[in-house]
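Let me begin by presenting the structure, written as structure tokens, before commenting on it.
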Amino acid sequence: MSAVPTGDAAASIAPASSGSPARPASVPAPVPATPVAELRQRFKAGKQQLLQDFSATHPTVSAATRLMRQLAKHVDGTLHTLWSESGLAAAAPDAALVAVGGYGRGELFPHSDVDVLVLLPEGLEPHQPGPLKLAIEAFITACWDIGLEIGSSVRTLRECLDEAAGDVTIQTALLESRRLSGSKSLVKAFDKAFCEAMDARAFMRAKTLEMRQRHTKYDETPYALEPNIKESPGGLRDLQVLIWIARGAGLGKTWPQLATKGLITPFEARQLQRNEGVLKLIRCQLHLVAKRREDRLVFDLQTAVAEGFGYASTRSLRASEKLMRRYYWAAKAVTQLNQITLLNLEDQINGTQGNELRRVNDRFLERSGMLEIATDDLYEREPHAILETFLVYQQTPGIKGLSAKTLRALYNARGLMNSAFRRDPANRAMFLRILEEPQGQTHAFRLMNQTSVLGRYLWVFRRIVGQMQHDLFHVYTVDQHILMVLRNIRRFFIPEHTHEYPFCSQLAAQFDRPSLLYIAALFHDIAKGRGGDHSDLGAVEAKRFCRAHGLPKADAALVEFLVEHHLTLSRVAQKEDLSDPEVIQHFAQKVKDERHLTALYLLTVADIRGTGPKVWNAWKGKLLEDLYRLTLRALGGAKLNMAAEIEGRKQEARQALALKAQLPGTEDALWKTLDLSYFARHDAQDLAWHARALWRHVDSAEPVVRARPSPVGEGLQVLVYAKDQQDLFARICGYFDGAGFNILDAKVHTTRTGYALDTFQVIAPELDLHHRDLTALVEAKLGQALVAQGPLPEPRKGRLSRRVKSFPFTPRIALRPDERAQRWLLSVSATDRAGLLYAIARVLARHGINLQLAKVSTLGERVEDTFLLDGAALQQSRMQLQIEGELLDALAVQ
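Next comes the structure, spelled out in structure tokens:
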């Protein structure tokens, strides 16, 4: 008979496929001396009292430690009573009840699982009918009856050893076993046999690989915005792995014991203990707030947990941000100390301390691919060597990391990196050399951040380490986002990554000073969280850095420009009409020359790609590239001659039609009904597609819908041609909303003959269909929707994400005339949700407002949309106010 322990055990001590334990069916059993109802009440009341006592005091590390021990002790006593009264002591006097996993450590979080092993001597058959089977079932049933949801297994000593030999997770759970009741001699024999069977080297290798796999699952960062306190890098599991490996090798069970063995220093032991205490305290509080076992600091619990610690929101900082800053600093310290301790354990267990050392230079050595300082006091004697560490790391082939000795020295040298260190000309020159090296910036700067050197040298960077971003589209903390942008720029210059962004790689190959882009990446968001415009504040910091590090005037001006305007190219591309020559000319005047334009383009692409996986799409990339090419032509002195440009597009479109075997003049019937704005907003391929699709339908009484895979490689491009009517755009949006499509872009035109010719870029994230099936579906269903009569359907209601609920974004709109005062620009900023564009379209349709252009930009969970409008209602101030009010109502999160 076996069931699986779950939860804080490193893993189950029965095969994972067994699933969670089911409550045993009722069976005849010995009548306990104490009624189950009384035991249930006693257990519940005792646990509740412990939790109340903890909640009644200000939460501290010592209080959390005491609570976990008291909870374990309370469960110990309850299980001891149940063991005695179940008849197991009489049915199997030589058996034992053993705590395993996290419970075996003698500590329990408020809602952690309780994992136990019923250990039997050889020869007993728990599966056979008889007193032993009844007693075991009675014990497990009683545990469930009193509200103790245990993970249990029943094994003989030999079965434990055999299963542990084949499964490292079972081996890990048994490693932390602790006797609760029953035979002392059997438990002693088990401990002895288990230790003799332990292969410390194989166990360490397995746990290290397991940890790496877990880190990969959690994106290799302790700075996730919703971290798992237990499993994320820098979490409690990282500390447990160290103790497990040490225990498996007989090197100690506590941090002081590891210090005694020389694996860590007494200072590191105190730091490990202190940061482990912080993580345990937060996890205890999280369990209490969630009222269940919850190890993720999810958005909707962060504020409640923070308030439990006494944090209060201020004008510049939320209570949850204060809590998360505390968590990130603890997780960062755990990450650093984990590396140091693990490397020392590997050397000790593998016996590699005596491996041959290779001299790199007078200050650094290399051993087994790790960079090691030549003397323990190197940094105290020569503080310049601190930054040199990362330069040597970049320059030396074969170096894959820093040794424990080096990491420890850097950890202890943090106090040396003071204001004098930052002002030292030699250090400033060394920092620039790291930036200017031909390779290795990504890994070097990540390592500098992990070891706290980056924040100590760039003091302004230290302020944004572990800082959350509540803007609904960044998925990393500010420092991690900055390093991600640096990585993205670096990849533009690496030939092996050319296939990712060919155009960016082409531009990067011709750019003269990559280091300037790296500096701009470091500073572009460095002023986040201060209040005010972070672009302007960051530009001041960048200018200060460039002056202090002696950059030439032109280079310093470029860096300052990039930081100040790092959002400008994206804003213009996604919000303004790129067919308007004045828009292009104005932007060209701002960027001034090709060097500034190219640098800004590369930084913009890297920045957008670095915010999160949902922010970038191919359509957005096309808009940015179109703006780059148009601006480059303007900078070259070529004034945008729209007539010549349109004639060129028409000629290219005619060639494309000829390649499709279309007769000459196919396009005439459609083109003679369209004005210049249509040709200005579509490229030649679109012109050809429209002409080919509509040449026989120019006077069609029925709507014409055509769809094709988007030329930019993502989603569909949909053409709608129909007699114009007031609510046409709203009906189209209504169909896309109901069918689960997201609209990325819309170009809306009206022919001289009163037909609407609209083109949409759409994606269908919720539909798992081949593009051929999608095109057929859209062409059929959208056509039906357009001929339907009656009122517009209600928008569908989609589920709001937890992030949107936790960080509500106040919608904003701006309605203003364009520069020629002929049309109106409507800018919308709101939380993204299903049916949003349709809700806007319904308001516009209700007031007879014509939509000429829609630019839809989705930034994670937020949208920034721009619409070009005209209509009589917009000429009246009173109606404008009414429309704006209705739009705000439509944008509000329900």
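Sequential numbering of the sequence shown, starting at 2, is according to the numbering used here.
For each residue, glycine too, the CB sits at the ideal point set by N, CA and C.
Reduced DSSP secondary structure (H/G/I, E/B, other) of residue i
{"i": "I465", "result": "coil"}
{"i": "A26", "result": "Legend: pLDDT at A26 = 44, less than 50; position of this residue unreliable, no value from coordinates given."}
{"i": "Y722", "result": "strand"}
{"i": "G167", "result": "helix"}
{"i": "G152", "result": "strand"}
{"i": "T261", "result": "helix"}
{"i": "A386", "result": "helix"}
{"i": "L816", "result": "strand"}
{"i": "S397", "result": "The displayed chain sequence assigns Thr, not Ser, to residue 397. In the structure shown, T397 sits in coil (DSSP, three-state: anything other than H, G, I, E or B)."}
{"i": "V705", "result": "strand"}
{"i": "R359", "result": "strand"}
{"i": "L793", "result": "coil"}
{"i": "L344", "result": "helix"}
{"i": "L552", "result": "coil"}
{"i": "I141", "result": "helix"}
{"i": "I527", "result": "coil"}
{"i": "D700", "result": "coil"}
{"i": "D890", "result": "helix"}
{"i": "L568", "result": "coil"}
{"i": "F494", "result": "coil"}
{"i": "L563", "result": "helix"}
{"i": "F512", "result": "coil"}
{"i": "T353", "result": "coil"}
DSSP bridge partner residues for residue i (one or two, in chain order)
{"i": "H750", "result": "L758"}
{"i": "T867", "result": "S828, K856"}
{"i": "M880", "result": "Answer is none; M880 lacks a bridge partner."}
{"i": "F1", "result": "Because residue 1 is not part of the residues shown, which for the chain are 2 to 895, the question remains open."}
{"i": "G402", "result": "M371"}
{"i": "L717", "result": "P710, V763"}
{"i": "Y477", "result": "A225"}
{"i": "T157", "result": "L121"}
{"i": "I585", "result": "Its beta-bridge partners do not exist; DSSP assigns none."}
{"i": "N851", "result": "D871"}
{"i": "I744", "result": "V763"}
Neighbourhood of residue i by C-beta distance below 7 Å, restricted to the same chain and skipping five residues each side
{"i": "E501", "result": "R492"}
{"i": "L95", "result": "Note on identity: in this sequence residue 95 is Asp, with Leu being the wrong assignment. Within the same chain, D95 has close Cβ partners P122, S184, L187."}
{"i": "Q586", "result": "A635"}
{"i": "N851", "result": "L870, D871, G872"}
{"i": "L379", "result": "R364, A386, A410"}
{"i": "L487", "result": "Q442, T443, F446, Y519, A522, L523"}
{"i": "F562", "result": "H597"}
{"i": "A73", "result": "Y104, G107, E108, L109"}
Nonlocal neighbours in the same chain, by C-beta distance under 8 Å from residue i, ignoring five residues either side
{"i": "D239", "result": "M212, V335, T336, N339"}
Sequence-distant residues of its chain with Cβ nearer than 6 Å to residue i (five each side left out)
{"i": "E668", "result": "A692"}
{"i": "H750", "result": "Y679, L758"}
{"i": "V76", "result": "V115"}
{"i": "T754", "result": "T674"}
{"i": "G402", "result": "M371"}
{"i": "R24", "result": "Summary for R24: the model assigns pLDDT 43, below 50, so the residue's position carries little reliability; its value from the coordinates is reported in the next sentence. Here the set comprises W145."}
Continuous alpha helix (DSSP H) assignments of at least 4 residues falling wholly in the stretch 408-460
Under the rule that a run must span 4 or more residues, the alpha helix (DSSP H) segments found entirely inside the stretch 408-460 read 420-424, 426-437, 442-451, 454-458.
Assess contact between the stretch 774-790 and the stretch 861-878, defined as three or more Cβ pairs (one per stretch) separated by less than 8 Å. Is contact present?
no
Completely contained alpha helix (DSSP H) runs for the stretch 170-258, where each covers 4 or more residues
185-198, 201-218, 237-249
Extract the residue ranges of the alpha helix (DSSP H) inside the stretch 277-342, only unbroken runs of 4 or more that lie entirely within it.
The qualifying runs are 300-309.
Examine the Cβ distances between the stretch 830-844 and the stretch 734-751 and report whether three or more of them are shorter than 8 Å.
yes
State whether the stretch 162-169 contacts the stretch 109-124, with contact taken as three or more CB pairs (one from each stretch) at a distance under 8 Å.
no
Cβ pair count under 8 Å reaching 3, the stretch 268-279 against the stretch 215-232:
no
For a minimum of 3 consecutive residues, which ranges assigned as the beta strand (DSSP E) are wholly contained in the stretch 36-121?
97-100, 115-121
Using 8 Å as the Cβ pair cut-off and three pairs as the minimum, do the stretch 295-305 and the stretch 423-441 touch?
no
List, from N- to C-terminal side, the alpha helix (DSSP H) runs of 4 residues or more that fit wholly inside the stretch 592-679.
Runs of the alpha helix (DSSP H) inside the stretch 592-679: 595-610, 619-636, 643-660, 669-672.
Decide yes or no for the touch test of the stretch 341-353 against the stretch 237-257: beta carbon pairs closer than 8 Å, at least 3 of them.
yes
Spell out a yes or no on whether the stretch 276-292 and the stretch 345-360 are touching, meaning 3 or more CB-CB pairs, one atom from each, closer than 8 Å.
Flag = no, the stretch 276-292 and the stretch 345-360 do not touch.
With three or more C-beta pairs closer than 8 Å as the rule, is the stretch 317-336 touching the stretch 251-259?
These segments do not touch.
For the stretch 357-368 against the stretch 214-224, do three or more pairs of beta-carbon atoms, one drawn from each stretch, fall closer than 8 Å, so that the two count as touching?
no
Does the pairing of the stretch 122-134 with the stretch 165-177 give three or more beta-carbon distances under 8 Å?
In the pairwise beta carbon analysis, the stretch 122-134 is classified as not touching the stretch 165-177: fewer than three pairs are separated by under 8 Å.
Check whether the stretch 444-453 and the stretch 190-199 touch, using three or more Cβ-Cβ pairs below 8 Å as the test.
Counting C-beta pairs with one atom in each stretch, the stretch 444-453 and the stretch 190-199 have fewer than three that are closer than 8 Å, which means they do not touch.
Segment contact, 8 Å Cβ cut-off, at least three pairs: the stretch 652-661 with the stretch 600-607:
no
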